[in-house]
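Number of protein chains: 2
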Amino acid sequence: MRSEDIAKLAGVSRSTVSRVINNYANVPEATKAKVLRIIEQYQYEPNSFARALAGKRTDTIGLFAISMNERENASRIYQNSYFGPIVDLVVDTANSLGYYVLIHTVYSPGDFQKIKQAYQQKRIDGGILVGTQKDSELVREMVGQEAPLVLIDYDISEIMAERLNKNHLAVINSMDYEGTVHAIEYLIGLGHRSIGIMKGRMSTFSGRERYVAYEDTLRKHGLPLQEEFILEGDFLKETAYQEAERLAVSGIWPTALFCCNDDMAISAMEAFTAHDIRIPDDLSVVGFDDVELAGRMNPKLTSVKLPIHEMATAAVEKVIALCNAEESAFSTLSFPTALIVRESCRELKEHE
Amino acid sequence: MRSEDIAKLAGVSRSTVSRVINNYANVPEATKAKVLRIIEQYQYEPNSFARALAGKRTDTIGLFAISMNERENASRIYQNSYFGPIVDLVVDTANSLGYYVLIHTVYSPGDFQKIKQAYQQKRIDGGILVGTQKDSELVREMVGQEAPLVLIDYDISEIMAERLNKNHLAVINSMDYEGTVHAIEYLIGLGHRSIGIMKGRMSTFSGRERYVAYEDTLRKHGLPLQEEFILEGDFLKETAYQEAERLAVSGIWPTALFCCNDDMAISAMEAFTAHDIRIPDDLSVVGFDDVELAGRMNPKLTSVKLPIHEMATAAVEKVIALCNAEESAFSTLSFPTALIVRESCRELKEHE
DNA sequence: CTGAAAGCGCTTACAG
DNA sequence: CTGAAAGCGCTTACAG
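Right, dumping it as structure tokens:
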């Protein structure tokens, strides 16, 4: 069934059929109704490729999850508590707005090609980029393509430094700096003076923000930065486990440990527990993200909640707005975090 | 940059360019190399829509997650521990095989349209259907379309009953019956005689299988089916919580409860704990699926592991084989489950 | 208000 | 081995 067939059946031309499908103004109600009836009756659907080829939208957005460091694992984004929800949320939001979503994960530099191809082959109207390793070069290239693009978790200053037209670009962030300050000051308020950190991946905007906020806050409160309590977790479960174990074995540790994401916090707690370091009695732990597991484990993890729902929703709305040229200015949105206090931190007594 | 441009640059015709892109046999190496060099140099990518329109593959598969009962929630598949991993695994597998994946969730009968459209508009080469409510009518309709289709968790006998050509169809299941028998017999082996069940959604193949296996096994071992210990959890967390709470309040409960998925098992445990019923001291619990949380909670949940990784991978491989017409017979694959014993069940003493 | 025609960028018989 | 041409199914100026 092609538009030609519908045209014949309705006694009009293909042009008219196309006009009613695309809801043009200058079609009389009667003609419109007639055509619509036939379309309905035969359950006709215009071929999306032909439409796209003739210059129409594809009604699909791309979602690209970049996870360069986790190549080895068989199931990869799957292993990460951060991507799963983002993917699901983006799909749900886009679908409910009438868009399909085309997904591709990238684990190696070569996979980047797939992103470019999706744009060049015109498979999508616009795209969303999440994940680590969104290096400037890639972004510059994408921005150069003039296709709608939304970046989640990206350093705005890096973009501002580029001399490009970025009217089809938007950036969505969470207020990680503030969230981290909040968490550290909460620990300080509980009486902690010796606070360590399990760092995230520093190639990431959020990884850097969280670390800098940690340093700033300690400094602001006149607390020392202790090299030996700065662990390199890289946002990864396994790495965090090893780092925590190393600390446990060393025999000395801080009274509190701020972890730059929950995956690492949870792994660290497992490592500590395995070495008979009790949480929160012997060590207080705070995480970041507030994944589902945080509220279900034992002890329940105190964590900074990432506004992941808002971020994913906003990302979808932004690309769509950009695709429809409803918006044409570079925009940036940052959503607030919230400290969710649970059971993994304890108050230090005066003399401790 | 179009194939025409490449042709000019290479000093050949569009036909030849097309032939080298599609790797036709009858192009001399020299010509091929020349064309390839230009393509490489200009980073040319053929327009995917034009190709598809001219009869080529789209190189994308559809993934449709059906979740009709969970309409209300803001973030829906997201809430379900089953879909997330499937989505991620399918995307990962398909991507690594060079396919894009187009995702759409369906929450209402109207959303079904989207699935049909994706096929009719030729957006995908083939598709995978997961989730509940895969009613015969839908399947009949899809099978009628002659497009490659893989069904995950579906009753084969229902398909066999249809008088359709199903050479573009495949079904992927897990051996839930055996898995359930295994779990129930494990409980019986621990000395349990009073075993309840938290049922899944009965509109689902796996929901029915697990329930039937439960009944059969009790019967086989001469144990009574106690109406009051048969709970309707519907595979949903909230429903399961309420049902468990109802049981707790009633004052009498079985010595063991088999839950048809982990989401329900975990919620039930929370409800019991809230009512001072200790797991496993006062009540043993077994789940199904073996989601990540199962091994991380306290006490750790004993559960039947769903071969979700194998299922997702097989589903992708099947659709692709079907798309490439490498396979043309109706096929069905069923993967084994495994009982993962942890801490949520205890042995009953002789006199209990 | 509406139809005939050109065009979107490919692929693939058809000739040669 | 390779080019000219038709065709895939739409949309959209262009005329009228």
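Here the protein sequences line up with chains A and B, keeping their order.
The opening residue of the first sequence carries number 1 in this note's numbering; numbering runs sequentially from there.
The opening residue of the second sequence carries number 1001 in this note's numbering; numbering runs sequentially from there.
Just so you know, even glycine gets a beta-carbon here, dropped at the ideal spot from N, CA and C.
Closest by C-alpha distance to GLY1189 (chain B), out of B:SER1284, B:SER1203 and B:ALA1170, is B:SER1284. Between the alpha carbons of CYS1345 (chain B) and GLU1209 (chain B) lies a gap of roughly 23 Å.
Under the Cβ criterion (8 Å, minimum of three pairs), the region 24 to 43 of chain A does not count as touching the region 88 to 97 of chain A. In this structure, GLU1343 (chain B) and LYS1305 (chain B) do not form a Cβ contact; the two beta carbons are roughly 16 Å apart against a cut-off of 8 Å. Secondary structure at LEU1009 (chain B): helix, using DSSP grouped into helix, strand and coil.
Around the Cβ of GLY98 (chain A), a 10 Å sphere holds fewer than 16 other Cβ atoms; the residue is exposed. Beta-carbon to beta-carbon, VAL319 (chain A) and PRO148 (chain A) are separated by about 5 Å, close enough to satisfy the 8 Å threshold.
DSSP places GLY1191 (chain B) in no alpha helix (DSSP H); its state is neither H nor E. In the structure shown, TYR1177 (chain B) falls within a helical segment according to DSSP collapsed to helix, strand and coil.
Take the alpha-carbon of LEU225 (chain A) and the one of LYS56 (chain A): they are about 57 Å apart. In the DSSP assignment, SER48 (chain A) falls within the alpha helix (DSSP H) that extends over 48 to 53.
Beyond the five residues adjoining it in sequence on each side, HIS275 (chain A) comes within less than 6 Å, by CB distance, of ALA248 in the same chain, given in chain order.
Across the structure, TYR1107 (chain B) and LEU1151 (chain B) are spaced so that their CA atoms are roughly 17 Å apart. Under a criterion of Cβ atoms nearer than 7 Å, no residue of chain A is adjacent to PHE1335 (chain B); the nearest Cβ is some 15 Å distant. Excluding its 5 nearest sequence neighbours in each direction, ILE197 (chain A) has C-beta neighbours in its own chain below 6 Å: TYR214, ILE230 and PHE258, listed in chain order.
The C-alpha of MET142 (chain A) is placed about 11 Å away from the C-alpha of ASN165 (chain A). In the structure shown, CYS1259 (chain B) falls within a strand segment according to DSSP collapsed to helix, strand and coil. In the three-state reduction of the DSSP assignment, HIS309 (chain A) falls in the helix class.
Against chain B, the beta carbon of GLN226 (chain A) has no neighbour under 9 Å; the closest one sits roughly 30 Å away. Using beta-carbon distances, PHE1049 (chain B) counts as an interface residue toward chain A, with a partner under 9 Å. Contact with chain A is absent for THR1332 (chain B), since none of that chain's Cβ atoms lies less than 9 Å from the residue's Cβ.
Chain B has no Cβ within less than 9 Å of the Cβ of THR302 (chain A).
PHE288 (chain A) and VAL139 (chain A) have their alpha carbons spaced roughly 26 Å apart. Using a Cβ-Cβ cut-off of 8 Å, THR60 (chain A) is close to LEU1102 and ARG1123 of chain B, given in chain order.
Classified as exposed, ASN324 (chain A) has fewer than 16 neighbouring CB atoms from the shown chains inside 10 Å of its CB. In this structure ILE1128 (chain B) is in contact with LEU1063 (chain B), their Cβ atoms being roughly 5 Å apart against a cut-off of 8 Å. Using a Cβ-Cβ distance cut-off of 8 Å, the region 1010 to 1021 of chain B and the region 324 to 334 of chain A are not in contact, since fewer than three pairs of beta carbons, one from each stretch, lie closer than that value.
Contact annotation: in the region 1029 to 1046 of chain B, residues whose CB is within less than 9 Å of a CB in chain A are GLN1043, TYR1044, GLU1045 and PRO1046. Under the DSSP assignment, VAL87 (chain A) falls outside any beta strand (DSSP E), being part of the alpha helix (DSSP H) whose first and last residues are 83 to 96. Separation of SER1250 (chain B) and SER267 (chain A) (C-alpha to C-alpha, rounded to the nearest whole angstrom) is 39 Å. Collapsing the DSSP output to three states places SER15 (chain A) in a helix. In terms of beta-carbon proximity, ALA268 (chain A) stays away from the interface with chain B, with every pair separated by 9 Å or more. Positions of the beta strand (DSSP E) runs, each at least 3 residues long and wholly inside the region 1290 to 1342 of chain B, are given as 1302 to 1305, 1331 to 1335 and 1338 to 1340 in order along the chain. Around the beta carbon of HIS221 (chain A), a 10 Å sphere encloses fewer than 16 other beta carbons of the protein chains shown; the residue is thus reported as exposed.
Scanning B:LEU1187, B:VAL1181 and B:ARG1002 for the CA closest to the CA of THR1217 (chain B) turns up B:VAL1181.
Boundaries for GLY200 (chain A): no beta strand (DSSP E) harbours it, and the DSSP string shows neither H nor E there.
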